[in-house]
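A quick write-up on the structure given underneath.
2 protein chains.
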Amino acid sequence: MAAPTSDTGAIKQRDADRTRAEILRVATEEFADKGYAGARVDEIAARTSTTKRMIYYYFTGKEQLYLAALENAYAVIRGLESQVDVDALEPAEAIRRLAELTFDHHESHPDFLRLVSIENIHRAEHLTKSELLPGLAGPAVEVLDGVLRRGREAGRFREDVDALDVHMMISSFCVFRTANRYTFQAIFERDLLDPKRREHYRRMLGDMVLGFLSQD
Amino acid sequence: MAAPTSDTGAIKQRDADRTRAEILRVATEEFADKGYAGARVDEIAARTSTTKRMIYYYFTGKEQLYLAALENAYAVIRGLESQVDVDALEPAEAIRRLAELTFDHHESHPDFLRLVSIENIHRAEHLTKSELLPGLAGPAVEVLDGVLRRGREAGRFREDVDALDVHMMISSFCVFRTANRYTFQAIFERDLLDPKRREHYRRMLGDMVLGFLSQD
DNA sequence: TAAGTAACGAACTAGCTAGTTAATTGTAGG
DNA sequence: CCTACAATTAACTAGCTAGTTCGTTACTTA
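Protein sequences appear in the order of chains S and R.
Sequential numbering of the first sequence, starting at 208, is according to the numbering used here.
Sequential numbering of the second sequence, starting at 208, is according to the numbering used here.
See below:
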């Protein structure tokens with residue numbers, strides 16, 4: 208059952224999981240870097256300790272490999288998101304916490320964001336085929352929904368928006384900051400990811416969402 | 208001087224400007240649709256009433272053609288933006304007007320947004336080479352800057368943000384809504400561009416920016 | 001220990017793709 | 001009219017790229 212992962216030293220061991228994982232890791236980088244059409248299967252193979260044949264052995268084709276990389280990236284993010292507990296916080300603080308969590312995630316996972324951008328260029332045609340898509344909406348929205356309800360019941364949040372609206376608002380800010388950083392910097396000569404400005408934008412995001420929610 | 212644009216009917220006339228413009232139009236669609244690497248010079252040529260050789264005749268190469276399309280798209284948007292006059296409005300109303308203008312522009316120019324996304328995937332390497340880049344920051348920021356100053360002087364806007372911050376905030380929302388529409392819809396089953404929700408989001412954007420600015 | 005199977009590697013191929021060559025035609029100025 | 005040049009066309013090519021073929025090597029199990 209258990210794969211013989213432990214290596215005996217210099218001798219090349221066989222390890223399916225390891226090979227598969229390595230291909231996936233390199234593929235994620237390559238696709239995130241060059242886009243689907245720009246990525247080269249040969250290049251992915253070259254940056255791997257294995258060969259191109261293995262890519263087809265484990266993933267059957269470029270498109271399936273791309274989808275696997277995309278799904279894997281979503282799985283990683285989702286894994287992080289599911290470890291949230293904001294029930295102890297009062298609504299406003301909970302919202303700020305959730306926003307900052309998104310802020311941090313996006314900043315520390317640029318490859319994920321790049322893959323999402325790329326997938327949007329393709330009008331989500333691959334993601335739509337994914338089998339893990341249904342579970343993707345995930346906890347983020349449910350948690351947010353609970354907090355919003357509490358806030359509304361306490362008479363502190365406006366009534367005319369739902370969890371998806373707020374999620375969209377938070378994502379917008381975080382996604383733009385990292386995904387559109389390059390053209391923004393080229394045009395306005397400001398690096399949105401400059402560490403010196405990080406706290407400024409993090410607070411700005413929270414203020415923005417709460418300023419909006421507590422209106423009316 | 209004047210090109211013989213008027214056509215005599217069925218006979219094929221020569222017209223450099225027209226040919227160039229047609230290539231650029233089709234190229235913009237193709238690049239926006241498939242990305243830089245995914246776009247095919249042969250395909251662009253095929254969808255034109257001219258031939259591939261003409262693409263090289265007028266644009267010298269795929270990369271220069273892409274840059275021309277990108278620059279042209281920016282020029283169009285900038286042309287629209289420069290026709291703004293919000294000096295007559297009070298600060299809050301002016302901000303809302305500017306936000307709605309961006310909202311409308313982005314919604315009605317999806318190709319532009321797609322090109323921007325694509326250019327960000329490429330880390331703005333082409334845009335950086337562009338000669339019209341310096342003039343691109345343009346009026347949008349200056350106008351915004353004036354409004355913010357007026358608002359601050361009237362004691363109605365917070366002091367700790369500048370025009371670029373607010374511009375970023377507005378762009379975030381508008382860009383996300385159109386550029387990330389596909390993955391958002393795939394995951395959450397909500398079409399951010401559904402006409403039924405248009406007014407909701409348009410008002411939401413204004414409320415968000417003003418709610419933020421009038422805090423503190 | 002023999003046989004079967006999973007994991008691996010190198011070389012190959014058919015089709016595509018950006019870019020080119022070279023010849024042709026319309027048009028303006030003399 | 002006719003000459004020079006701008007605009008246009010069709011066919012070609014060198015190099016690339018996803019996907020394959022076929023054979024080899026380690027590991028498992030009966």
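In this text, a Cβ means the ideal position worked out from N, Cα and C, and glycines have one as well.
Nothing here was measured: the structure is a model prediction, and the numbers come from that model.
If only complete runs of 4 or more residues are kept, the stretch 259-295 of chain R shows the alpha helix (DSSP H) at 259-266, 269-288, in order along the chain.
DSSP, read as helix, strand or coil, puts D372 of chain S in helix. The closest CA to that of R227 of chain R, considering only R:D249, R:G245, R:S256, is found on R:S256. In the structure shown, R303 of chain R falls within a helical segment according to DSSP collapsed to helix, strand and coil.
Considering only S:I325, S:K259, S:E278, S:L355, the residue with the shortest C-alpha distance to K241 of chain S is S:I325. CA-to-CA, the gap between P402 of chain R and A280 of chain R works out to about 25 Å.
By the C-beta density criterion, T309 of chain S is buried, having at least 16 other C-beta atoms within 10 angstroms. At least one CB of chain R lies nearer than 7 Å to the CB of D414 of chain S. Per DSSP, the continuous alpha helix (DSSP H) segment holding L231 of chain S begins and ends at 223-245.
Rounded to the nearest whole angstrom, the C-alpha separation of L287 of chain R and S378 of chain R is 16 Å. Relative to the Cα of D222 of chain R, the nearest Cα in the group R:A253, R:A246, R:Y265, R:T235 belongs to R:Y265. When C-beta atoms of the stretch 338-354 of chain R are compared with those of the stretch 336-355 of chain S, fewer than three pairs fall below 8 Å, so the two segments do not count as touching.
Of the candidates R:Y408, R:E338, R:T390, R:Y408 places its Cα closest to the Cα of D372 of chain S. At a cut-off of 7 Å, the C-beta of T235 of chain R has no neighbouring C-beta in chain S. Along the stretch 254-283 of chain S, there is no position whose C-beta sits under 8 Å from a C-beta of chain R. Put simply, the CB of R303 of chain S is far from chain R, with every gap to its CB atoms at 7 Å or more. Annotated three-state conformation of Q220 of chain R is coil, per DSSP. Take the alpha-carbon of D249 of chain S and the one of I251 of chain R: they are about 27 Å apart. A393 of chain S is a Cβ neighbour of L334 of chain R, given a cutoff of 7 Å. Going by DSSP, P346 of chain R is part of the alpha helix (DSSP H) stretching over 345-360. Short of 8 Å from the beta carbon of E237 of chain S, and not among the five residues preceding or following it, lie these beta carbons of its own chain, in chain order: A246, R247, E250, I251, R254. For R321 of chain S, the neighbours in chain R by C-beta distance under 8 Å run, in chain order, I328. Segment contact: the stretch 291-311 of chain R against the stretch 357-367 of chain R, three or more CB-CB distances shorter than 8 Å; contact assigned.
With respect to chain S, the C-beta atom of A393 of chain R has a partner C-beta closer than 7 Å.
With fewer than 16 other beta carbons inside 10 angstroms of its own, D224 of chain S counts as exposed. Within the same chain, R365 come within 8 Å of Q422 of chain R by CB-CB distance, once the 5 residues on both sides are set aside. In this structure, DSSP gives A253 of chain S a helical state, which the three-state scheme calls helix.
Between E278 of chain R and L339 of chain R, the alpha-carbon positions lie close to 7 Å from each other.
In chain order, A393 make up the part of chain R whose C-beta sits under 7 Å from the C-beta of T335 of chain S.
Collapsing the DSSP output to three states places D414 of chain R in a helix. In this structure, A276 of chain R sits near T235 of chain R, with a CB-CB distance shorter than 7 Å.
In the three-state scheme derived from DSSP, where H, G and I count as helix and E and B as strand, Q422 of chain S is classed as coil. Ranked by Cα distance from P317 of chain R, the first of R:F395, R:E270, R:Y389, R:A306 is R:Y389. Chain-ordered, the chain S residues with CB closer than 7 Å to the CB of I325 of chain R read I328.
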